[in-house]
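**Student:** Take a look at this one; I'll ask things after.
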Amino acid sequence: MRINCPLCGERASDEFSYLGDATPGRPPSGASLKEWHDYVYLRDNPRGPHHEYWHHVGGCRAWLVIHRDTFTHEIFDVGLACDIEESVG
Amino acid sequence: MKEAAYRNSAGGLIDRDRPLKFYFDNVSYQGFAGDTLASALIANGVHLTGRGFKYHRPRGIYTSGTEEPNALVELREDARREPNTRATLIELYDGLSAMSQNRWPSLAFDILSVNNLLSPFLPAGFYYKTFMWPKQFWEKMYEPFIRRAAGLGRAANKPDPDRYERATLHCDVLVVGAGPAGLVAALAAARSGARVVLAEQDHRVGGHLLSTSTTLDSKSAESWSDDIRTEIEAFEDARLLTRTTVFGYYDHNILAAVERLADHLPVPGAHGARQKLWRIHASRVILACGAFERPLVFGNNDLPGIMLTSAARTYAMRYAARPGSRAVIFTNNSSGYDALADLAAGGVNIVAVIDPRSDIDSQSIAQAEAVGARILNRAVILGARGHLHVRGVDVDAAGVRERIDCDLLCVSGGWNPDVHLHSQTGTRPVWSPDIAGFIPAESRQRELSIGGAAGQFDLANALITARQRGLDAARECGFMSSAFDLPDVAKGSSAYSIEPLWRVAGYHGKALVDMQNDVKETDIGLSAREGYKSVEHLKRYTTLGMATDQGKLSNVNGLGILADELGFSIESVGTTTFRPPVLPVAIGVFAGSSRGQHFSPTRYTPMHDWAVRHGAKFVEAGQWLRPRYYPRDGEDMLAASCRETLATRNSVGLCDVSTLGKIDVQGADAPEFLNRLHSNGFARLPVGKARYGLMLREDGLVLDDGTTTRLAEHHYFMTTTTAEAAAVMAHMEYYHQAIWPQLDVQYCSVTEQWASMAIAGPNSRAVLQKVLTRIDLSNEAFPFLAATEFNLGNFRARLFRISFSGELAYELNVPAGYGESLWQALMNAGKEFGITAYGTEALGIMRIEKGHIAGPEVNGQTTAGDIGLGSMLSSKKEFIGRPLAAREALVDSAREQLVGIRCNDSSMRLYAGAHLVEPDKAAVIENDLGHVTSVTYSPMLKTWIALALLKGGTTNIGKTLKAVNPLMKHEVNVEVVSSQFFDPENTRLHV
């Protein structure tokens, strides 16, 4: 695959490492144990479009949120995790 | 050496001035430069090249290309011996030596050909059905026998002596295949100015045209092709890769290719690589891989002397090697007739064309008449006759039986576009009734097929399309150009016409569908009757389309027969999945230069050379090489590390700790960030102080530990363990960027920038003071956990009073380039105290004596409480991992927790990994109480000691247990003690 890093441009996927599902938000202060459990352990693994964390570990070291189809590997969008987190709040 | 009796005296793309001697099964023959092994064998009248996989039937050269199912040989000898190479692809070189496979004792007399007579007992799925029971017989009896009987050639059993390379190419347009369509498409794109890569498997360009007498603009095929090659190679941004097979099509238009740099030579040149793996990133891909001719399925259709019509034409035209003298052609399509004139010109007398169709076009009839061949229409071959070579055929022409003698039978069952790479893009090809073959479907990637690969078999039309596709691809990449003139193609052939014939009804003997795997026509019917009706099941049950040719010849016939048996249409049966590689690829080329020590980089500390000069033995710690111990006078590791430990504890030692991860952290929110990362408090760490810190993962288990120092209000210096340095950095980046981007903090790995050395022992202060004369190192001025940054000569240095050994100790950091000279200065200054360099073994001894945790204890499954650090979980702040660390099961007092154990019998040793059980209980999992994590001989306690994770932890202190290591067949009684073996009051630390 080739990933279009917002900072570095289009690079081979070997430069990146994969973390996983970027959908769940970290529970707020005072959240219940169940919320924490779900956040840490429950991850969707859909066949199809998915938001995922990737790390440009062999490049600019930016954490990215990639909107990707896990079946076709088509990449719809790549964003910086920090921009997305800030816009969400 | 025999004369090549079947070589024509003129013609062909061979160099008669360069004769080459070669050996097949230890018999020497002569060929010419330009030959393949297969063409040279045919020129010498050698057709029998192998035995069938299962029935050991004699087999001959069947094709002239990658799809070859039979002529698989062991090439080269000794460490370079390579099994299952295709004789049809091996370029001849002087002294080449190849051996046939899968025969014993000889090719002409093969004992296992008795399997041919036993074949009624060897049906599809025979192995599955027979070798099921008893289960334990499989490994010891069945499999070894089957493997010996099913000769797959012998791999070399020595390390590969050759070098391989890997490289990457980026281009606008990649054209795969330099046949006529590929050449024109690449030329169009290159003339537009696009960056073009043209990859061709052969060493020449021209593709199938080289096997024909076709003329283009009155030029011969080879001179027309070579002219285009010359033009393409002249473009600065175009690159032609010959001897290069594109074998894999991966996501986002990344393709893999192997370039055979030296396979046409006896051995690679000095310092030269044998093969190169190309990773090609292409904006647009044009597949011009051509098409494979299909066999026909009739009785004894696998006899030597039977081959594809296109192969016979190739041998006759390109190699001037007569594949036979008296030929019969069996074809269901017009292309069989197109070959007649070239075969005749190559010295092959064509006696008959057998054609199952009732209507044959006038052009084809004229082609047959021109060479004096009879046409038998509505005719099929029921069976071929002969033992080791075809001698004749039994023909049924509209019910009339006839026997025709021949020594060559050319078959053509139509053409399969090579859709392999296209299909790898994640799509399935679609059935085209017009050509009775699968053609590319709509693609998932930016690729398209042209020429034979697209089922376009008419040369003139294929060139027009190729030119357009080449221009289009370049234009899509931003390069504009206009069309150019295409050559006039002499029009001798008729429009392609075919009536599919999947199998001949009423054939005699065995009819093979897949010659490589010995799948018979009847096996497919059996498979369908036994319920294996899906094409994927058929493949696995019968092995149709497996093995090195991956069904290039056999698949479509097999699908046609399956469709017949099931009463379905072939398009509803579909194809199996195409996967890389298109052609077998040597493992070595994937490794490239990443072999042995080159597998990953080696990291050296700034003091590495000093350690080498002083005889250090090194240990690999990830990519790092760390001095493990510095033996003197023939000391072994234990003796050396005990001496280093005693020297340190009694006076002073110096240890290279540069491999510890170092992270510089700055910014207004640095205190807050560090506070959230660590389980213990960092917000109120004073400037000039170091603190031992613990980090958890979000799941509440321990991630890593290390010291962090506050150098200034908003400037921290953090260390991690050697092993977790990269993981901690990524962890910080994740939390900062993905969770808390609002924090004003910057951080950077400075592991490589600083040389770090630990100076430890009661005399460490005295030694250090001699070097750092302007710093007051007294305990009052610079107590435990003090830290300072200062100028040392013309550079900045940092000093930390921290200790892993439990002794009075300091860690000195200087810029990496000054590491060795500072180290030497300390060694010089310490001479009067007997300063001793110590390695990771002594470091380990001292940390175990002190009960300090390391990697074996922080194993990804332990909590802070488990390793005795429960008090480091702050209750006053939020930190990563806090919520889940409080889970019931993680705070259970019965968890395995850190303890010390020791052998009371000092003559007995301990082993890491040993499990702990009650002394009177059996060493079985039900009785398991925990395990031993870190072990050492303690020179201070003069016995073996260990750290262990034990159920109930320190509540067991005083108990006697048994440490059992079944792998070492070792068990020993041990006493559970505190993990702080040595100086538990830390009196030596605070002096």
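Residue numbers (my numbering), protein chains in the order written: chain A, 844 to 932; chain B, 711 to 1701.
Glycine residues also receive a C-beta, built at the ideal position from the N, C-alpha and C atoms.
For clarity, every value in this text was computed on a predicted model and none was experimentally measured.
With distances taken between CB atoms, is the gap from residue 1158 of chain B to residue 1185 of chain B smaller than 8 Å?
**Tutor:** Taking the first residue of the second sequence as 1, we reach residue 1158 of chain B at position 448. Taking the first residue of the second sequence as 1, we reach residue 1185 of chain B at position 475. Cβ distance not < 8 Å, so residue 1158 of chain B and residue 1185 of chain B don't count as in contact.
**Student:** Ignoring anything shorter than 3 residues, give me the beta strand (DSSP E) runs that lie fully in the stretch 948-1005 of chain B, in order along the chain.
**Tutor:** Those beta strand (DSSP E) runs which fall completely within the stretch 948-1005 of chain B and span 3+ residues are 948-951, 954-960, 964-970, 985-997 and 1001-1003.
**Student:** Kindly indicate which three-state DSSP category residue 1058 of chain B falls into: helix, strand or coil?
**Tutor:** Residue mapping note: residue 1058 of chain B aligns to position 348 of the second sequence, counting from 1. Here residue 1058 of chain B sits in coil by DSSP.
**Student:** In chain order, which continuous runs of the alpha helix (DSSP H) of length 4 or greater are located wholly inside the stretch 1497-1551 of chain B?
**Tutor:** Runs found: 1529-1539.
**Student:** Is residue 740 of chain B helix, strand or coil by DSSP?
**Tutor:** By one-based count along the second sequence, residue 740 of chain B stands at place 30. Residue 740 of chain B falls in the strand class under three-state DSSP.
**Student:** In chain order, what residues of the same chain lie with their CB nearer than 6 Å to the CB of residue 1350 of chain B, ignoring the 5 residues before and after it?
**Tutor:** Working through the second sequence from its first residue, we reach residue 1350 of chain B at position 640. Answer for residue 1350 of chain B: 1339 and 1341, listed in chain order.
**Student:** Span of the beta strand (DSSP E) holding residue 1039 of chain B?
**Tutor:** Translated into the one-based positions of the second sequence, residue 1039 of chain B becomes position 329. Taken as a continuous stretch (DSSP letters only), the beta strand (DSSP E) holding residue 1039 of chain B covers 1036-1041.
**Student:** How should residue 895 of chain B be labelled, buried or exposed, when 16 other C-beta atoms within 10 angstroms of its C-beta is the threshold for buried?
**Tutor:** Position 185 of the second sequence, counted from the first residue, corresponds to residue 895 of chain B. With 16 or more other Cβ atoms within 10 Å, it is buried.
**Student:** Indicate whether residue 797 of chain B and residue 751 of chain B have their beta-carbon atoms separated by less than 8 Å.
**Tutor:** Walking along the second sequence from the start, residue 797 of chain B turns up at place 87. Walking along the second sequence from the start, residue 751 of chain B turns up at place 41. Yes.
**Student:** Under 7 Å from any heavy atom of the ligand ZN, does the C-beta of residue 1206 of chain B make it?
**Tutor:** Absence of the ligand ZN from the depicted structure is noted, as is the absence of any ligand whatsoever, leaving it without description.
**Student:** Reducing DSSP to helix, strand and coil, say where residue 1417 of chain B ends up.
**Tutor:** The residue given as residue 1417 of chain B occupies position 707 in the second sequence. DSSP places residue 1417 of chain B in strand when its eight states are reduced to three.
**Student:** Cutting at 8 Å between CB atoms, please list the residues of its own chain near residue 932 of chain A, excluding the five before and the five after it.
**Tutor:** Here residue 932 of chain A refers to the residue found at position 89 of the first sequence. Unreliable positioning characterises residue 932 of chain A in this predicted model, as indicated by a pLDDT of 42, which lies under 50. A coordinate reading is not provided.
**Student:** Between residue 1236 of chain B and residue 1228 of chain B, is the Cβ-Cβ spacing less than 8 Å?
**Tutor:** The residue labelled residue 1236 of chain B in the question sits at position 526 within the second sequence. The residue labelled residue 1228 of chain B in the question sits at position 518 within the second sequence. Their beta carbons are not under 8 Å apart, which means residue 1236 of chain B does not touch residue 1228 of chain B by this criterion.
**Student:** To the nearest angstrom, how far is the alpha carbon of residue 914 of chain B from that of residue 952 of chain B?
**Tutor:** To locate residue 914 of chain B, count along the second sequence from 1; it is residue 204. To locate residue 952 of chain B, count along the second sequence from 1; it is residue 242. Answer to the nearest angstrom: the Cα atoms are 7 Å apart.
**Student:** What residue from B:969, B:1001, B:872 and B:974 has the CA that sits closest to residue 981 of chain B's CA?
**Tutor:** For this step, residue 981 of chain B is matched to residue 271 along the second sequence. Closest by alpha carbon: B:872.
**Student:** So, does the stretch 1582-1600 of chain B touch the stretch 1368-1378 of chain B, judging by three or more C-beta pairs under 8 Å?
**Tutor:** Contact fails: fewer than three Cβ-Cβ distances are below 8 Å.
**Student:** Pick helix, strand or coil for residue 1283 of chain B, following the three-state DSSP scheme.
**Tutor:** To locate residue 1283 of chain B, count along the second sequence from 1; it is residue 573. It is helical.
**Student:** Got a sec? Which residues, its chain only, sit under 6 Å from residue 1700 of chain B by beta carbon, not counting five neighbours each side?
**Tutor:** Here residue 1700 of chain B refers to the residue found at position 990 when the second sequence is read from its first residue. Once the five neighbours on either side are set aside, the close Cβ partners of residue 1700 of chain B are 1494.
**Student:** So, is the C-beta of residue 861 of chain A closer than 8 Å to a C-beta in chain B?
**Tutor:** By one-based count along the first sequence, residue 861 of chain A stands at place 18. Chain B contact via Cβ: absent.
**Student:** Is there at least one Cβ from chain B nearer than 8 Å to residue 915 of chain A's Cβ?
**Tutor:** Within the first sequence, numbered from 1, the residue matching residue 915 of chain A stands at position 72. For residue 915 of chain A, the answer is yes, since a Cβ of chain B falls inside 8 Å of its Cβ.
**Student:** Under 6 Å Cβ to Cβ from residue 727 of chain B, same chain only, skipping five residues before and after it: list those, please.
**Tutor:** For this step, residue 727 of chain B is matched to residue 17 along the second sequence. Result list for residue 727 of chain B: empty, nothing under 6 Å.
**Student:** Does the stretch 784-797 of chain B come within contact of the stretch 1031-1046 of chain B, defined as at least 3 CB pairs closer than 8 Å?
**Tutor:** Contact fails: fewer than three Cβ-Cβ distances are below 8 Å.
**Student:** At least one CB of chain A closer than 8 Å to the CB of residue 1440 of chain B: is that the case?
**Tutor:** Residue mapping note: residue 1440 of chain B aligns to position 730 of the second sequence, counting from 1. Cβ-Cβ to chain A under 8 Å: yes for residue 1440 of chain B.
**Student:** Measure how close the beta-carbons of residue 758 of chain B and residue 1098 of chain B come, nearest whole angstrom, since I'm counting them as under 8 Å.
**Tutor:** Position 48 of the second sequence holds residue 758 of chain B. Position 388 of the second sequence holds residue 1098 of chain B. Yes, residue 758 of chain B and residue 1098 of chain B are in contact; Cβ-Cβ is about 6 Å, under 8 Å.
**Student:** Starting from the N-terminal side, write out each stretch of the beta strand (DSSP E) that is 3 residues or longer and does not extend beyond the stretch 1192-1252 of chain B.
**Tutor:** You should have 1222-1224.
**Student:** Give the interface partners of residue 848 of chain A over in chain B, defined as CB-CB distance under 8 Å, in chain order.
**Tutor:** Within the first sequence, residue 848 of chain A is the residue found at index 5, counting from 1. Under the 8 Å cutoff, chain B gives no residues; its nearest Cβ is about 13 Å from residue 848 of chain A.
**Student:** Measuring only the C-alpha atoms, how far is residue 1627 of chain B from residue 1579 of chain B?
**Tutor:** Start at 1 with the first residue of the second sequence, and residue 1627 of chain B comes out as number 917. Start at 1 with the first residue of the second sequence, and residue 1579 of chain B comes out as number 869. Their Cα atoms are separated by approximately 25 Å.
**Student:** Which residues in the same chain have their Cβ closer than 7 Å to the Cβ of residue 1147 of chain B, if we skip the five residues on either side of it in sequence?
**Tutor:** Translated into the one-based positions of the second sequence, residue 1147 of chain B becomes position 437. Only 1124, 1125, 1126, 1127, 1165 and 1266 meet the Cβ criterion.
**Student:** Helix, strand or coil: how does DSSP classify residue 1338 of chain B here?
**Tutor:** Locating residue 1338 of chain B in the second sequence gives position 628, where the first residue counts as 1. Strand at residue 1338 of chain B.
**Student:** With C-beta atoms as the reference, is residue 1383 of chain B less than 8 Å away from residue 1418 of chain B?
**Tutor:** The residue you call residue 1383 of chain B lines up with position 673 of the second sequence. The residue you call residue 1418 of chain B lines up with position 708 of the second sequence. No. Outside cutoff.
**Student:** Just the chain A side, please: which residues come within less than 7 Å of residue 1152 of chain B by C-beta, in chain order?
**Tutor:** Taking the second sequence and counting its residues from 1, one reaches residue 1152 of chain B at position 442. Neighbours of residue 1152 of chain B on chain A: none; closest Cβ ~13 Å, over 7 Å.
**Student:** Is the Cβ of residue 1406 of chain B closer than 8 Å to any Cβ of chain A?
**Tutor:** Position 696 of the second sequence, counted from the first residue, corresponds to residue 1406 of chain B. It does not; no Cβ of chain A falls within 8 Å.
**Student:** When you compare the stretch 1396-1411 of chain B with the stretch 1590-1600 of chain B, are there three or more beta-carbon pairs, one atom per stretch, that lie closer than 8 Å?
**Tutor:** Flag = yes, the stretch 1396-1411 of chain B and the stretch 1590-1600 of chain B touch.
**Student:** When DSSP labels each residue in this structure, what does residue 918 of chain A get in the three-state scheme?
**Tutor:** Your numbering for residue 918 of chain A matches position 75 in the first sequence. The answer is strand: DSSP assigns residue 918 of chain A an E or B state.
**Student:** Could you tell me whether any Cβ in chain A is nearer than 8 Å to the Cβ of residue 990 of chain B?
**Tutor:** By 1-based counting over the second sequence, the position of residue 990 of chain B is 280. Closer than 8 Å: no.
**Student:** 8 Å is my cut-off, CB to CB: does residue 693 of chain B come that close to chain A?
**Tutor:** In the structure as shown, chain B begins at 711 and stops at 1701. Residue 693 of chain B is therefore absent and cannot be evaluated.
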